[in-house]
Amino acid sequence: MAPTVLHVRAETKPLEHRSAVTPTIAKQLVDAGYVVNIERSPLSIFNDSEYEGTGASLVPTGSWTQAPSEHIIIGLKELPEEDFPLKHIHVQFAHCYKGQGGWEKVLGRFPRGKGTLLDLEFLEDENGRRVAAFGYHAGFAGAALALMTWAWQLTHGKDEPLPGVTPYENEGLLIKDVKEAVESSKAKAGHLPRVLVIGALGRCGRGAVDLCVKAGLEDIIKWDLPETSAKSGPYQEIVESDVFVNCIYLSAKIPPFIEPNSLSSPDRRLSVVCDVSCDTTNPHNPIPIYDINTTFSSPTVPVKLPAQASDLPLSVISIDHLPSLLPREASEAFSSALLPSLLQLNDWKHARVWQQAEKLFTEKCNTLPEGLLAVSAYRLLRTRSITLDVETWNDNGAPLDAKTPAGLAYTDLRKAIHIRGDNATEAASGRYKSAVEKGRLLYTHLQCADVQSHYQWTDLERYGWTADRRKQPRGIPSDIQTPLLSDPGDVVGGLGCPRIEAHDPIEPKDVEWDHLRESTVDGRHYNPTDAWYKGIYYPKRGVLIVSNARSPRYAVEQKKRIDEWEGGDLVPLGLLSDVMFLEYEHLCKTAEPPLQVRDLRYMFRSQIVNKETREIIFEVLKRRGVVNGPVPWPGTAFEFPSEEALALLSTPNGRGAALILISHRAELGWKTIKQITVFDNLLSAGERSVFREWSHPSMLIESEDSKAPRQDEPGAGGQEQ
Numbered sequence: 001m002a003p004t005v006l007h008v009r010a011e012t013k014p015l016e017h018r019s020a021v022t023p024t025i026a027k028q029l030v031d032a033g034y035v036v037n038i039e040r041s042p043l044s045i046f047n048d049s050e051y052e053g054t055g056a057s058l059v060p061t062g063s064w065t066q067a068p069s070e071h072i073i074i075g076l077k078e079l080p081e082e083d084f085p086l087k088h089i090h091v092q093f094a095h096c097y098k099g100q101g102g103w104e105k106v107l108g109r110f111p112r113g114k115g116t117l118l119d120l121e122f123l124e125d126e127n128g129r130r131v132a133a134f135g136y137h138a139g140f141a142g143a144a145l146a147l148m149t150w151a152w153q154l155t156h157g158k159d160e161p162l163p164g165v166t167p168y169e170n171e172g173l174l175i176k177d178v179k180e181a182v183e184s185s186k187a188k189a190g191h192l193p194r195v196l197v198i199g200a201l202g203r204c205g206r207g208a209v210d211l212c213v214k215a216g217l218e219d220i221i222k223w224d225l226p227e228t229s230a231k232s233g234p235y236q237e238i239v240e241s242d243v244f245v246n247c248i249y250l251s252a253k254i255p256p257f258i259e260p261n262s263l264s265s266p267d268r269r270l271s272v273v274c275d276v277s278c279d280t281t282n283p284h285n286p287i288p289i290y291d292i293n294t295t296f297s298s299p300t301v302p303v304k305l306p307a308q309a310s311d312l313p314l315s316v317i318s319i320d321h322l323p324s325l326l327p328r329e330a331s332e333a334f335s336s337a338l339l340p341s342l343l344q345l346n347d348w349k350h351a352r353v354w355q356q357a358e359k360l361f362t363e364k365c366n367t368l369p370e371g372l373l374a375v376s377a378y379r380l381l382r383t384r385s386i387t388l389d390v391e392t393w394n395d396n397g398a399p400l401d402a403k404t405p406a407g408l409a410y411t412d413l414r415k416a417i418h419i420r421g422d423n424a425t426e427a428a429s430g431r432y433k434s435a436v437e438k439g440r441l442l443y444t445h446l447q448c449a450d451v452q453s454h455y456q457w458t459d460l461e462r463y464g465w466t467a468d469r470r471k472q473p474r475g476i477p478s479d480i481q482t483p484l485l486s487d488p489g490d491v492v493g494g495l496g497c498p499r500i501e502a503h504d505p506i507e508p509k510d511v512e513w514d515h516l517r518e519s520t521v522d523g524r525h526y527n528p529t530d531a532w533y534k535g536i537y538y539p540k541r542g543v544l545i546v547s548n549a550r551s552p553r554y555a556v557e558q559k560k561r562i563d564e565w566e567g568g569d570l571v572p573l574g575l576l577s578d579v580m581f582l583e584y585e586h587l588c589k590t591a592e593p594p595l596q597v598r599d600l601r602y603m604f605r606s607q608i609v610n611k612e613t614r615e616i617i618f619e620v621l622k623r624r625g626v627v628n629g630p631v632p633w634p635g636t637a638f639e640f641p642s643e644e645a646l647a648l649l650s651t652p653n654g655r656g657a658a659l660i661l662i663s664h665r666a667e668l669g670w671k672t673i674k675q676i677t678v679f680d681n682l683l684s685a686g687e688r689s690v691f692r693e694w695s696h697p698s699m700l701i702e703s704e705d706s707k708a709p710r711q712d713e714p715g716a717g718g719q720e721q
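First residue of the sequence shown: 1, per the UniProt record's numbering; consecutive thereafter.
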């Protein structure tokens, strides 16, 4: 068997001096039996002579394009902006998986050439942690440039930007320059700078904090998930700091950390922002005060301030390859961490870390616009993918209009999962596989996504919702009475909840929210939609029952196609996961004594009629050998992360529960879904076999507490570069 050939390409990004394979690592790869080709590079911090004696071969710059297709191409930063198809396996940071500008053109080159992208940013070990990352040195270098900029502003005119910088041979030289700059400006400012770091517990944030400490700073504000989850941005604390260093890992839409209007605050001290995360082209960039990347030759960009703002200048540093400021140390640390994975490339199809990278690549290719995908083999399904707006996560699962265009996937969690277009020829097994993959994506976000809804209970009436709080409750749906109402021990699996009582000030509440009034919020007008969410709330037992739901979008679609609706903007506060959770939270807080919101554990979906959900329910039951539909309580339980449970989670009646846990993590804490139980108490066994279509299955979605991800995991802060 011929040895595996690794071709290490020369970097082409200006002032990019790092290398994914250092001389030390090249020798270890050769010793392990690999053939290693190193492109000559005038930019690399490592001289060609340093590779002599390693056993690697030096080859011409840019020769990877002519390399045989079976060679594996290894690099760091993006390829030059060309359009020719890519035929190789590429190991690199591609920056095209999170909706970045031009992502579809970058990603589309791989399937067109039958190549494969194994993105370094998403290589994870068995614990879900990055196997190798430049985050520490990115934060370290970013904080260094931020402090140098702060010092420069104090001693130069506001129209004089920080001059270009060049890479340092080692960390000591960089720290020396930073300390001298800060100390020289301290006298003029009268104080050392106050620095706020968000994402301070991740790799990137730790690097930023370490630099500040080594530079002699004492006033360092370190924020991470607890601080950003406690309240939504924008944050006044940023404006009141001299320097803000952003080190988060942006995986979904979040409220902005800072906005142009907040810069008018009379308390503003902020004069430098270093966006280490550098999500400049991401539509969800939480620092929307700039829109270009900067470079080492021109490190800062001035921010246009509001007319009423003070004369204090404000500059942004947004360099997307900050570790290159310390290229040798950054490369050595990264390459050493990557080595165990590189040693698996000779059999990468059977190595878990590379298998997962390929699977993610395939999933991302599935989101490409049709015109950019010439090779259908990279489709997970042969159906059209439909991009959903936030409002189309209609938890009652109403079908979309057939004219909804195929489109791109966005990184907002609520837009991340595509609902397939109807296709009469698609086999049930294909639909099941699609549901499993969608459920897997949603379940993954349960483990790591930090997406906080910004709505409050008082917003419901502001947006035209009206509550009907029934003094004479309609009663708990008959199909749920057995699992819910039994006294402990009477029925196997019963939750021990007593019957609803109208006079009971704490026990179940029967509340219906209807969208019947027009409203105007922040200058935007919203017409009523006749939507409703009918629920029975049992906060003392941690129970939420969705007895009936009709989302604003579905309600509008019943009147007229959504793309022709003349009612103006669709009300943004309209998801089941927001409306019903806000009511549950309100009942907890107003109870006497107050109840714990985070004790929410059981979510019921009663008498499901949604076609998509029913189809998946019958399919997963069939796979369990239950052929005549759901059986009475205790029903059939599907534990996570089984394929059947994931498929159920992906359904319109399942994902609403997941979104409650994800979007309201600040109130609920970290939770995951333990199992989904399917049952039906309305039909006898004989009736189920004859009148299958009459079955109205119900679901119990049971959650449990989970641990927050480690702060250096994806989703927990620290964009890697």
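Note that the Cβ used here is the ideal one computed from N, Cα and C, for glycine as well.
Every value quoted in this text rests on a predicted model; they were computed, and no experiment measured them.
Proximity to residue i [Cα-Cα], best of the options
i    : options                   : result
F638 : S271, K674 and V353       : K674
V579 : D459, K176 and A591       : D459
A591 : I545, Y554, V627 and Y538 : Y538
N527 : C588, P552, S184 and R655 : P552
F122 : A94, R598 and Q100        : A94
L649 : V626, R18, I676 and E667  : I676
V178 : L305, A187 and T149       : T149
D83  : G108, Q92, P60 and G62    : G108
S184 : T155, K105 and I545       : T155
V197 : D210, V571 and A467       : D210
Alpha-carbon to alpha-carbon, residue j and residue i
i           : j    : result
A208        : T529 : 49 Å
E518        : I608 : 30 Å
K214        : N127 : 32 Å
K349        : Q355 : 6 Å
residue 726 : K98  : Nothing about residue 726 can be read from this structure; the chain reaches only from 1 to 721.
W532        : W513 : 6 Å
D347        : L338 : 16 Å
R688        : G635 : Because the pLDDT at R688 is just 45, under 50, the model does not fix this residue reliably, and the point stays unresolved.
E437        : C212 : 43 Å
K114        : W103 : 18 Å
L646        : A435 : 7 Å
F640        : P697 : 20 Å
N282        : G101 : 7 Å
I220        : G142 : 15 Å
L145        : G172 : 15 Å
I258        : K509 : 39 Å
Local conformation of residue i per DSSP, three classes
i    : result
M603 : strand
L343 : coil
S251 : coil
I287 : coil
P111 : helix
L6   : strand
A708 : coil
T155 : helix
M1   : coil
P14  : coil
A20  : coil
K304 : coil
C278 : coil
S315 : strand
H515 : strand
A549 : strand
N37  : strand
L700 : strand
Integer-rounded CB distance, given that residue j should sit under 8 Å from residue i
i    : j    : result
L117 : F361 : 5 Å
D267 : V303 : Between V303 and D267 the Cβ distance is about 17 Å, and since that is not below 8 Å, they are no contact.
I317 : P288 : The pair is not a contact, with the Cβ atoms about 16 Å apart (cut-off 8 Å).
E644 : R624 : 7 Å
H321 : I662 : Their Cβ separation, rounded to whole angstroms, is 32 Å, which puts H321 and I662 out of contact at 8 Å.
S341 : T22  : With a Cβ gap of about 15 Å, S341 and T22 do not count as contacting.
Chain C contact for residue i (CB, 8 Å cutoff)
i   : result
P60 : The structure shown contains no chain C; it holds only a single protein chain.
Problem set entry | Ordered list of beta strand (DSSP E) runs contained in the segment 186-227, each at least 3 residues | 195-198 and 220-223
Exercise. Fully enclosed by the segment 57-126, which alpha helix (DSSP H) runs are 4 residues long or longer?
Worked result: 103-112
For this session: Only counting runs of 3 or more residues, tell me where the beta strand (DSSP E) segments fall wholly within the segment 646-676, in order along the chain.
Result: none
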